[in-house]
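Each residue of the sequence shown is one higher than the last, beginning at 36 in the numbering used here.
Notes to accompany the following structure.
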Amino acid sequence: MELTEIYKKGEAELKTRDIGWLLDGVETEFVMSNNRRVLDQYTIKQRCIDGVVPATQCTVLGVELKTPVIMSSMTMPIPAIVDNGLMQVAEGLREAGSLIWTGTPIPQNLKDIVATGVPVAANAKPLKDRQKMFEAIDEIQSAGVNWIGIEIDSGQGTKVHDRQMAADCSPLSLNELKEIRERVSIPLIFKGVLSKEDAEKSLEAGADGIFISNHGAHTLDYLPHPFQVMDEIVGVAKREAVILVDGGFRRGSDAFKGLAFGARLVGLGRPILYGLAANGAEGVKDVIQEVSEEMKRFMSMTGSVDPEHVKRDLLIKG
Ligand SMILES: Cc1cc2nc3c(=O)[nH]c(=O)nc-3n(C[C@H](O)[C@H](O)[C@H](O)COP(=O)(O)O)c2cc1C
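Encoded structure:
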């Protein structure tokens, strides 16, 4: 199935379910429309003479991937989409040479997901009950995942339209982030960084990765798209930590732009749900492979030999 067809079929399918509202955004939904608007503000400079044969493989924080296009953290509503939803997502991503990133709730079958052989990252929320948060972090770590993500942006929980979810959270302090760092022996990524100040504090706390994200419009209204803040964050963080980005990325052109802005990895949220709803594990695999193939076409026609050589000056604003 082609990408357009997968997205159309998957979205239509999910919208008919009682979980369909989870695809929407917080309050006025400004973040949703702004994500697309900002992604569309950039065109791509073609440099095709002496075009290259690009490779999309990359090694990030010890994990080898066939593509820098990965899944963004989600658990809910995957088990409600198809039987064994998380396992199907894991299989689709493994076949595509990508990475699965689980969210809230922490999957009970996290160890089974790890056993499929797909690289795994798993998130923990800043639960008000810090004891429970630390237990969750220990639980994730003992499941054998590759990386742990901490949702630093969920301090006010999450929200879709007016519906508050995960309200049992509160913002983490720098000292608490340092405490988490001491406890975690595998790569640690802070998700939801949207300012230079939070990037600096993340580095101070010892983050291996900084995930620039507005949480796909599920936390606060009127957050910027990552591209609106990325240059200053990458400026302070790129040499010390791996940069990841997500928020509205749908096509290979979007993923290419994410790499050009300085991300090593680009995350897809809703597209993974569409792939799963449209065609199970195969649909998830197709989403990653087709976005990656599209991205490769741009790499070839811009002289970008690999994901790390997709440069910022290949983007034209306006
Ligand atoms: C249904 C749904 C559930 C999500 N659950 C989580 C979660 O548990 N933890 C988290 O950090 N982000 C979560 N997110 C946000 C995604 O990880 C990601 O940041 C966002 O979806 C990216 O935007 P996109 O959907 O436009 O690609 C969720 C997003 C959706 C749509």
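Backbone N, C-alpha and C define an ideal beta-carbon position, used for all residues, glycine too.
The C-beta distance from Ile278 to Ile247 rounds to 7 Å, short enough to fall under 8 Å.
If you check the C-beta of Leu308 against ligand 1, you find a heavy atom less than 8 Å away. Counting the other Cβ atoms within 10 Å of the Cβ of Tyr77 gives 16 or more, which makes it buried. Bridge pairing for Leu223: Ile183 [DSSP]. Taken in chain order, the unbroken stretches of alpha helix (DSSP H) that lie wholly in the segment 250 to 335 and span 4 residues or more are 265 to 272, 287 to 295 and 305 to 335. Spatial neighbours of Val124 in its own chain (CB-CB distance under 8 Å, excluding positions within 5 residues in sequence) are listed in chain order as Met106, Ile113, Ile135, Ile307, Leu311, Ala316 and Val319.
In the structure shown, Gln81 falls within a coil segment according to DSSP collapsed to helix, strand and coil. One Cα belongs to Ala115, the other to Asp197, and the distance between them is close to 22 Å. Secondary structure of Glu99 (DSSP, three-state): strand. Remark: the C-beta of Met36 is outside contact range of ligand 1, defined as less than 8 Å to any heavy atom. Contact annotation: Glu130 and Ala313 have beta-carbon atoms that are not nearer than 9 Å. In the assembly as shown, Tyr42 is a buried residue. Its beta-carbon has 16 or more other beta-carbons within 10 Å.
Annotation: Val228 to Gly190 spans about 12 Å, alpha carbon to alpha carbon. Between the beta-carbon of Met336 and that of Cys93 there is about 20 Å, and that puts the pair past the 8 Å contact cut. DSSP places Thr193 in the uninterrupted beta strand (DSSP E) bounded by Thr193 to Val195.
About 28 Å separates the beta carbon of Gly86 from that of Gly283, a gap too long to meet the 8 Å contact definition.
Ranking Gln143, Glu64 and Ile183 by CA distance to the CA of Glu217 puts Ile183 first.
The closest heavy atom of ligand 1 lies 8 Å or more from the beta carbon of Pro89.
With a beta-carbon spacing of about 7 Å, Pro222 and Gly97 fall inside the 8 Å limit used to define contacts. The Cβ atoms of Asp256 and Glu62 sit closer than 9 Å to each other. Partner residues in the beta bridge of Leu162, as assigned by DSSP, are Cys204.
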